[in-house]
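The structure under discussion appears below in the form of structure tokens.
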Amino acid sequence: MRIISDSKTSRDVSSALDKLLKEVNEALKGVDGVITKLECNVSAGPMGASVSVSLLINGNEPRRKELIGVNEKGISGEHAVKKATEKLNEIIAAKNGELVDFFAKTIVTPLPGRVYTTLIAAINETLLEEAQNAEARRQRLKKTLELLNNNASAINVASVAEVFGVSRTIIYRDLEALGFKRGGFREASKAQRDQVQ
65 MRIISDSKTS
75 RDVSSALDKL
85 LKEVNEALKG
95 VDGVITKLEC
105 NVSAGPMGAS
115 VSVSLLINGN
125 EPRRKELIGV
135 NEKGISGEHA
145 VKKATEKLNE
155 IIAAKNGELV
165 DFFAKTIVTP
175 LPGRVYTTLI
185 AAINETLLEE
195 AQNAEARRQR
205 LKKTLELLNN
215 NASAINVASV
225 AEVFGVSRTI
235 IYRDLEALGF
245 KRGGFREASK
255 AQRDQVQ
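In this text, residue positions in the sequence shown follow the numbering used here: the first is 65, and each later residue adds one.
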């Protein structure tokens with residue numbers, strides 16, 4: 065279990081939201097697990113705007129997860145909500161995963177025809193996050209082997225190398241770093257090796 069929180073201020077909500085989304089999504093890339101809860105706050109006034117977010121991350125699945133959001137101006141509350149909803153739904157349609165939680169806030173300014181709606185959503189994608197480094201790759205390999213009763217011969221090294229986008233030699237080194245001896249690995253057939261290369 066882990067919490068990721070951030071807050072950004074700027075001259076307007078859109079700028080603060082853009083900064084926040086960029087930084088939070090960068091932080092999410094380095095964290096295993098899935099988003100289970102989203103808490104947000106949006107405020108705006110004559111001195112500027114701020115957007116805050118807190119995400120609860122649970123589990124240790126190496127899944128891609130993302131925070132998306134929009135801030136749209138309308139001539140009325142209904143118009144701003146409609147524009148923001150349409151724009152957010154376009155972004156969601158391009159994702160492959162589950163919408164976990166969302167936040168909505170409409171701010172009515174004292175100026176006529178200036179209403180702003182902010183929508184923020186947390187998405188857990190079905191895709192696995194790419195292993196950013198050797199340590200992350202080894203941790204995933206270790207989890208896989210634990211599920212296979214630590215039997216390294218149960219894995220196909222060529223297929224594992226293809227999944228991670230590395231050479232078989234690197235996977236052999238990873239396995240050796242995890243304490244497995246090379247003689248116990250299942251080697252791919254020549255036809256399978258040719259397919260990978």
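All residues carry an ideal CB built from backbone N, CA and C; glycine is no exception. The structure presented is a predicted model; accordingly, all values stated were derived computationally and were not measured.
What's the gap between the Cα of residue i and the Cα of residue j?
i: threonine 233; j: glutamate 240; result: 11 Å
i: aspartate 258; j: alanine 222; result: Bear in mind that a pLDDT of 45 at aspartate 258, under 50, signals an unreliable position, so the model cannot answer this.
i: serine 118; j: glutamate 210; result: 33 Å
i: isoleucine 132; j: asparagine 197; result: 26 Å
i: valine 260; j: aspartate 238; result: Here the model assigns valine 260 a pLDDT of 40, short of 50, so the residue's position is not dependable, and the following value carries that caveat. Going from the Cα of valine 260 to the Cα of aspartate 238 covers about 19 Å.
i: alanine 218; j: glycine 94; result: 29 Å
i: lysine 159; j: glutamate 130; result: 10 Å
i: isoleucine 155; j: phenylalanine 244; result: 44 Å
i: alanine 255; j: asparagine 220; result: Note that alanine 255 has pLDDT 43, beneath the 50 cutoff, so the model's placement of it is unreliable and no number is given.
i: proline 176; j: glutamate 142; result: 14 Å
i: serine 231; j: valine 224; result: 9 Å
i: arginine 204; j: leucine 242; result: 11 Å
i: isoleucine 67; j: leucine 92; result: 11 Å
i: glutamate 150; j: glutamate 136; result: 10 Å
i: asparagine 215; j: asparagine 89; result: 36 Å
i: cysteine 104; j: isoleucine 139; result: 24 Å
i: aspartate 82; j: serine 107; result: 15 Å
Whose CA, out of the options, lies closest to the CA of residue i?
i: leucine 102; options: Ala198, Ala186, Gly141; result: Ala186
i: alanine 144; options: Leu120, Lys159, Ile171; result: Ile171
i: leucine 120; options: Glu87, Val98, Asn105; result: Val98
i: arginine 127; options: Glu199, Ala80, Ala195, Val224; result: Ala195
i: glutamate 162; options: Ala148, Leu152, Glu189; result: Glu189
i: threonine 100; options: Gly123, Asn89, Ser107; result: Gly123
i: leucine 84; options: Val115, Met65, Ser107, Ala108; result: Val115
i: glycine 109; options: Gly138, Thr173, Lys137, Ala216; result: Thr173
If residue i sits next to residue j, beta carbons under 8 Å apart, how far is it from one beta carbon to the other, in whole angstroms?
i: tyrosine 180; j: valine 77; result: 6 Å
i: aspartate 96; j: glutamate 125; result: 6 Å
i: serine 69; j: alanine 113; result: Serine 69 to alanine 113, Cβ: 18 Å. No contact.
Starting from residue i, follow the alpha helix (DSSP H) in both directions and report where the run begins and ends.
i: asparagine 89; result: 77-93
i: arginine 232; result: 232-241
i: threonine 208; result: 198-211
i: glutamine 216; result: Note that residue 216 is alanine in the sequence shown here, rather than glutamine. Counting along the chain, alanine 216 falls outside any alpha helix (DSSP H), and DSSP gives it neither H nor E.
i: lysine 245; result: Note, lysine 245: premise wrong, no alpha helix (DSSP H); not H, not E.
i: serine 223; result: 221-228
Is there a C-beta anywhere in chain C that falls below 7 Å from the one on residue i?
i: valine 172; result: Among the chains in the structure shown there is no chain C, since it carries only a single protein chain.
Within this structure, are the beta carbons of residue i and residue j separated by less than 7 Å?
i: alanine 168; j: leucine 152; result: no
i: alanine 80; j: lysine 72; result: yes
i: arginine 202; j: phenylalanine 228; result: no
i: valine 134; j: alanine 148; result: yes
Go to residue i, then tell me how far its beta strand (DSSP E) extends in each direction, as first and last residue.
i: alanine 157; result: Unbroken run through alanine 157 is the alpha helix (DSSP H), 141-157; no beta strand (DSSP E).
i: glutamate 263; result: With the chain running from 65 to 261 in the structure shown, residue 263 is simply not present.
i: arginine 66; result: 66-74
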